[in-house]
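To convert a position in the sequence shown, counted from 1, into our numbering, add 28.
From the three backbone atoms N, C-alpha and C, an ideal C-beta is built for every residue, glycine too.
All of these numbers come straight from a predicted model, not from anything done at the bench.
Below: one structure, written as structure tokens.
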Amino acid sequence: MAQAVVLADDVIRAGRQMAVFAINPEKIVAANDDPTLLAAIGAAGLLIPDGIGAVLAARLGGARGVPRVTGADLMPELCSLAAMRGYPIFLFGARPEVTPRACAALREAYPGLRIAGYQNGYLSPSDKENLPNRINESGARLVFVGLGSPQQELWIHENLAKLTTVNICQGVGGTLDVLAGRVKRAPVAWRKSYLEWLYRFLSQPSRLRRFPRLVNFAWRVWKEGVIARPSRSSELS
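Below you can see the structure in the form of structure tokens.
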């Protein structure tokens, strides 16, 4: 987390641009089936291991000590940085009643935070086309996009170059709903036990439709980690 925040600050100070995407098992499987999403993820400047499945897969692949860095935790850290440095932010996404409540929650949590503007996720075609101009006119340096996946990754990939004032553009999924109090995040004990995914399934049964992708991911990790590794070793010998 600390490295991610320092990197974001360095990017802003240097006047560069960086897309930040959270990676979890479902998104990995989706990207394997969607070349456009895979290209968007491949072009990002920072991928954070959001899902515990992604963390365990990375460790199995030899990346020891990789910690879980969730998008829901990184966004508040970046807002804290923005409040301290005076970087204006812009929120885009969620329902019409949610976005202003998320703004109010952030202002209360981070005094001095400059929210240059916000826009819910329900736009007309003309408003959607004009949104990059609105963001540029706001002077925002950080943009948080909560459209859900893969819409937010594709929107950022398509529009980041148009956002001439923006340095950091992070896909934040349902974090705006959590900030607004519309959705309750897993208790800290569940998060520390790496069981946030289970809490989401129990509290939102509609998420069960995503279960086949989790099984697909587990199979691919097992196949690559358990089956492919010996074959690589034999080739090296």
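What separation, rounded to the nearest whole angstrom, lies between the Cα atoms of serine 166 and arginine 248?
Using only the alpha carbons, I get a separation of about 44 Å.
From what residue to what residue does the beta strand (DSSP E) around valine 206 run?
Segment 203 to 207 is the alpha helix (DSSP H) holding valine 206; no beta strand (DSSP E) there.
Does the distance from the CB of glycine 99 to the CB of valine 216 come in under 7 Å?
Against a cut-off of 7 Å, the Cβ pair of valine 216 and glycine 99 comes out as no contact.
Between which two residues does the alpha helix (DSSP H) containing alanine 72 stretch?
Careful: alanine 72 lies outside any alpha helix (DSSP H) and carries neither H nor E.
Pairing CB atoms from the segment 39 to 52 with CB atoms from the segment 78 to 91, are three or more of them under 8 Å?
Yes, since at least three Cβ pairs between the segment 39 to 52 and the segment 78 to 91 fall closer than 8 Å, the two stretches touch.
Per DSSP, what kind of secondary structure is leucine 242 in: helix, strand or coil?
In this structure, leucine 242 counts as helix in the three-state DSSP scheme.
Per DSSP, glycine 145 is paired with what?
The partner list for glycine 145 (beta bridge, DSSP) reads Phe118.
Hey, how far is the Cα of proline 124 from the Cα of lysine 251?
So the two alpha carbons sit approximately 44 Å from each other.
For the segment 109 to 119 and the segment 162 to 181, state whether three or more C-beta atom pairs, one from each stretch, are separated by less than 8 Å.
Segments in contact, yes.
Is proline 95 helix, strand or coil by DSSP?
In this structure, proline 95 counts as coil in the three-state DSSP scheme.
How is the alpha helix (DSSP H) around alanine 133 delimited, first residue to last?
Where alanine 133 is concerned, the enclosing alpha helix (DSSP H) stretches over 126 to 137.
Grouping DSSP H, G and I as helix and E and B as strand, with all else coil, what is valine 48?
It is a strand residue.
Could you tell me the alpha carbon to alpha carbon distance between phenylalanine 245 and glycine 140, rounded to whole angstroms?
Straight-line Cα distance between these residues: approximately 42 Å.
Let's test the definition: count the other Cβ atoms within 10 Å of the Cβ of proline 63 and tell me whether it reaches 16, buried, or not, exposed.
The residue is exposed, with fewer than 16 neighbouring Cβ atoms inside 10 Å.
List the residues that DSSP assigns as beta-bridge partners of valine 173.
Partner(s): Phe120, Gly199.
Along the alpha helix (DSSP H) that carries serine 152, what are the first and last residues, could you check?
Where serine 152 is concerned, there is no enclosing alpha helix (DSSP H), given that its DSSP letter is neither H nor E.
Considering only their Cβ atoms, is the gap separating alanine 130 from leucine 204 smaller than 7 Å?
Cβ distance < 7 Å, so leucine 204 and alanine 130 count as in contact.
According to DSSP, isoleucine 76 sits in a beta bridge with which residue or residues?
In the DSSP output, where bridge partners are listed per residue, isoleucine 76 has Ala50.
My assumption, with CB atoms under 8 Å, is that alanine 47 sits in contact with alanine 86. Please give the rounded CB distance.
Not quite, the Cβ-Cβ distance comes to about 20 Å (not below 8 Å), so this is no contact.
Among the candidates Cys107, Asn60, Pro178, Asp38, whose CA atom is the shortest distance from the CA of alanine 132?
Looking at the Cα atoms, Cys107 is the closest of the given residues.
Rounded C-beta distance between valine 126 and alanine 208? I'm assuming under 8 Å.
So it is a contact: roughly 5 Å between Cβ atoms.
Who are the near neighbours of methionine 103 in its chain, counting only those whose CB is closer than 7 Å to its CB and skipping five residues on each side?
If we look at methionine 103 and ignore the five residues flanking it on each side, its Cβ neighbours are Phe172, Gln198, Val200, Thr203.
For tyrosine 150, does the count of other Cβ atoms within 10 angstroms reach 16, so buried, or fall short, so exposed?
Answer is exposed; the Cβ neighbour count stays below 16.
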